[in-house]
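What follows is one structure encoded as structure tokens, with my remarks underneath.
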Amino acid sequence: MLRAKKIYIEGIVQGVGFRPFVFKLASELGLKGYIYNDTNGVYIEVEGEEGLIDEFIKSIPKKAPPLALVERIFTEETQVKGYSEFFIEKSKGGEEKFVLISPDVSTCDDCLRELFDPSDRRYRYPFINCTNCGPRFTIIVDVPYDRAKTTMAVFKMCRECESEYHDPSNRRFHAQPNACPVCGPSLKLFDNKLNEINCEDPIKEVSKILKNGFIVAIKGLGGYHLACDALNNNAVAELRKRKMRIEKPFAIMIPDVDWLDKICNYDEVELELLTSIQRPIVLIKKRRDCPIAYEVAPRNSYLGVMLPYTPLHHLLMREVNLPLVMTSGNLTEEPIAYKDDDAFERLGKIADFFLVHNREIHMRCDDSVSAVIAGKPVVFRRSRGYVPYPVKLQFEAKKQVLAVGGHLKNTFCFLKGRYAFLSHHIGDLENWATLKSLIEGVEHFKKLFDLKPEVLAYDMHPEYLSTKFALELDIPVKVPVQHHHAHVVSCMAENGLSGPVIGVAFDGTGYGTDGKIWGGEFLITELARFERIAHFDYVPLPGGEIAIKEPWRMALSYLVYSFGDHFQLIEIPFVKFLKENWSKVKILLKMIDKGINSPMTSAVGRLFDAVSAICSVRLKVNYEAQAAMEFQMVADEDESGVYEFEIIDSMRPWRISFKQGIRGVVQDIESGLDVSKIAGKFHNTIARIICEVAQKIKSETGINDVVLSGGVFQNALLVKKTISELEKSGFKVYTHSKVPPNDGGISLGQAVVALFNAV
Ligand code: ZN
Ligand code: ZN
Ligand code: FE
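Set out below in structure tokens:
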């Protein structure tokens, strides 16, 4: 019997090839009717055999195109009208339109096949794309998402492209960036004096140039990369010198998965992450016989690896057939270059050649970075491929919120309805260029998602650029949010928790409600409020900011904390180093003693720094968290020993004393225990502390959920040990996955905290 049904679908179903997919599905099943886009999703009316309609409805979420996200399907019986075909109707919807915008997506398999098919009209065309792949977020200038409002507007489609674009059965139906060699963008090659290099095939030419050890700036999807041969140590060292980047690892792009076998030891989850459509950089353990140049990631046991994700990369990687360094096109500390003039100016002294194209990048977007921790993918930098996909909330935001994020690894976040729009990576807000990037990003998101925030969230730190920026904005309700509260709530939000939970926030720095630097915090946390129930002992940070770059200062501070003046009697290499630099040490001791320029900190990140330096692993760092990372890397994962510590609970908040721990470390060094064992024991101790404090909190409050957040929980070894300790004691443990554990994630937490304080 012939039946008819109305179907309403909500989710990410626009601009992702959803209508052609439904058209095709209906046609295959011989169903008649129509589909159109409206304000919040798609509307379908369908007629046919009942069984076929059921199959149709069941297939929609299962077979939906890769970029679509079907959230809800409503169906309703209706009258049979006797349509003769299935057709796509014009979009309906008024001004209120709120459409989710797709991130940029790596080249799909269909496009890849065409790219390398000599008989295809897009054979070797570096800008091939379709509704299932290609640029989106980075080329959209305004909404509604339509070619005229992208940076593709200047390219008029040729007849063939145009007919694909209008054909509902075609993979390029309404693919806004649709293009071909006849009508679309093209490549050009320049030297660094802006002379164009005339050549038949810029890709082949660049490949030769790279093989000869030169550095090439390559315009990509969300900005410029600086590329060189990753097997050529001289080339990589030269790039480091010119970019003024010491030791901080470079990411590499490998031609294919076969190369991964040669360079890394990986598991299935890592492989899955690496080959996912987002194509992030994945941090994977190096093989012992890894042929990648030492200078790519000096003193580091991990490599940041990614696969090609644009047709240009695919062509280049196939041609050059070598792993390439692919690092952001910038000078250290600056935002990535994405405008051509700016790139020529800023990168002209770094790159020997420029491979550019004439498709403008409207919004910068850095590569995303992720890793697998305790068997689960965790994003460290959520940007290209993920943004602006929202994070789904477990509640409906009654008011729109803007959160401006923190100081380092800044991102911002908007809340609207059930969505949190977490921005792309902005960077460290230490200069005007980065702040400008934040301001532009906020304005762009407002336009894209029709946002009018009524509530503003910002960090409590009075000196942060983000705070100053926030206080100047014209938004009626402003809510300062404590840094670690924001950390824990960001993790709660992504896990759908409303608390109270035992929040463990460990990082390097964050302004506390007492004006001190927090970072070793146990917070009983709800979305709106928190109680600081325990923290690591305060220890002076001699010299403030400088002590973060020079962990040996923190080590001295911890030695004084544990031993007082007697630390001079210790016979270990680190104390010998102190004695050799006694004039400096003397000043520091005075600073520590008198509290001059020595803010007090409870940060566990600093404790890692200190122990790393006491063990002579790393005395000064060249990039954030280097000392802690290198300390993790030397650790023997099978070590089971633990150092002593004390939970002092005579007053609230309880204090965790690590005096015994430091003494234990020193004793072990004195007795010649290998540093790998000491590092292993240290990790065990931090995990044990978390577990014991959590148990104490549980016995008082009955709370069984533990949430781990903060940059320290990027330490895979620590996370693994902590989860195992906590689970053994019956706790339910929640960690980050979709949102960074580091400060890149706090804007989400800020936004949620502010929302629940403003309603
Ligand atoms: Zn495609
Ligand atoms: Zn064309
Ligand atoms: Fe933090």
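Taking the working numbering, I'd label the letters of the sequence shown as residues 1 to 759. For each residue, glycine too, the CB sits at the ideal point set by N, CA and C.
Check                                                                                                                                                                          : Outcome
Between the C-alpha atoms of L69 and F574, what's the straight-line distance to the nearest angstrom?                                                                          : 55 Å
What are the start and end residues of the beta strand (DSSP E) that includes F86?                                                                                             : F86 to I88
Which ranges does the alpha helix (DSSP H) cover as unbroken runs of at least 4 residues, wholly within the segment 665–695, from first to last along the chain?               : none
Indicate whether S91 and N170 have their beta-carbon atoms separated by less than 8 Å.                                                                                         : no
Just to confirm the assignment: which complete beta strand (DSSP E) runs, minimum length 3, are found wholly within the segment 510–536?                                       : 520–525 and 530–536
Use the C-beta contact count for M1: other C-beta atoms within 10 angstroms, 16 or more gives buried, fewer gives exposed.                                                     : exposed
Measure the CB-CB distance between L523 and H483 and report whether it falls below 8 Å.                                                                                        : no
Output yes or no for whether 8 Å exceeds the beta carbon distance between D229 and A237.                                                                                       : no
Comparing C-alpha positions only, which one of K58, I197, S368 and I128 sits nearest to P740?                                                                                  : S368
Please determine whether the Cβ atom of M152 lies at a distance below 7 Å from any heavy atom of ligand 2.                                                                     : no
Could you check if L260 is buried or exposed, using at least 16 other CB atoms within 10 Å of its CB as the buried criterion?                                                  : buried
Tell me whether W552 is buried or exposed, calling it buried when 16 or more other Cβ atoms sit within 10 Å of its Cβ.                                                         : buried
Are H425 and S383 close, meaning C-beta to C-beta below 8 Å?                                                                                                                   : yes
Would the C-beta of G134 count as close to ligand 2, meaning under 7 Å from any of its heavy atoms?                                                                            : no
Have a look at K262 and I284 and give me their C-alpha separation to the nearest angstrom.                                                                                     : 12 Å
Out of curiosity, what's the CA-to-CA distance linking P377 and G564?                                                                                                          : 43 Å
What does DSSP give as the partner residue(s) for A457 in the beta ladder?                                                                                                     : A403 and V479
Assuming H225 and T327 form a contact by the criterion Cβ under 8 Å, report the distance between their Cβ atoms to the nearest whole angstrom.                                 : 7 Å
Roughly how far, in whole angstroms, is the beta-carbon of V761 from the beta-carbon of L231, given that I think they are within contact range, below 8 Å?                     : In the structure displayed, the chain extends from 1 to 759; residue 761 sits before or after that span and is not available.
Taking the C-alpha atoms as reference points, what is the distance between N195 and K349?                                                                                      : 15 Å
CA-CA distance, L324 and Y386?                                                                                                                                                 : 23 Å
Identify the residues that DSSP records as bridge partners of I218: which are they?                                                                                            : H225 and L355
Cα separation between E162 and L438?                                                                                                                                           : 37 Å
Tell me whether E95 sits in a helix, a strand or coil according to DSSP, three-state version.                                                                                  : Residue placement at E95 is flagged as unreliable, the pLDDT there being 44, under the threshold of 50; a coordinate-derived value is accordingly withheld.
Where T722 and L316 are concerned, what is the direct C-alpha to C-alpha distance, given to the nearest angstrom?                                                              : 43 Å
Taking the beta strand (DSSP E) that L331 falls in, what are its first and last residues?                                                                                      : First-last for L331: undefined, no H or E at that position.
At what residue ranges does the segment 238–322 contain a whole run of the beta strand (DSSP E), taking only runs of 3 or more?                                                : 251–253, 281–285 and 302–306
Considering just the uninterrupted stretch of the beta strand (DSSP E) at G41, what are its terminal residues?                                                                 : G41 to E49
How is M600 classed by DSSP in three states: helix, strand or coil?                                                                                                            : strand
Quick check: the segment 331–344 against the segment 428–442, are at least 3 beta-carbon pairs closer than 8 Å?                                                                : yes
Label S724 either buried or exposed according to how many other C-beta atoms from any shown protein chain fall within 10 Å of its C-beta, with 16 as the threshold for buried. : exposed
Under a Cβ-count criterion, where at least 16 other Cβ atoms within 10 Å of its own Cβ denotes burial, should W518 be classed as buried or exposed?                            : buried
Among all the DSSP beta bridges, which residues are the ones paired with G503?                                                                                                 : L523 and V707
Whole-angstrom Cβ separation of V620 and E545, contact assumed at under 8 Å?                                                                                                   : Note on identity: in this sequence residue 620 is Lys, with Val being the wrong assignment. At roughly 13 Å, the Cβ-Cβ gap does not stay under 8 Å, so K620 and E545 are not in contact.
Give the DSSP-derived three-state secondary structure of T467 in the structure shown.                                                                                          : helix
Relative to the C-alpha of H174, which candidate in I203, C158 and P20 has its C-alpha closest?                                                                                : P20
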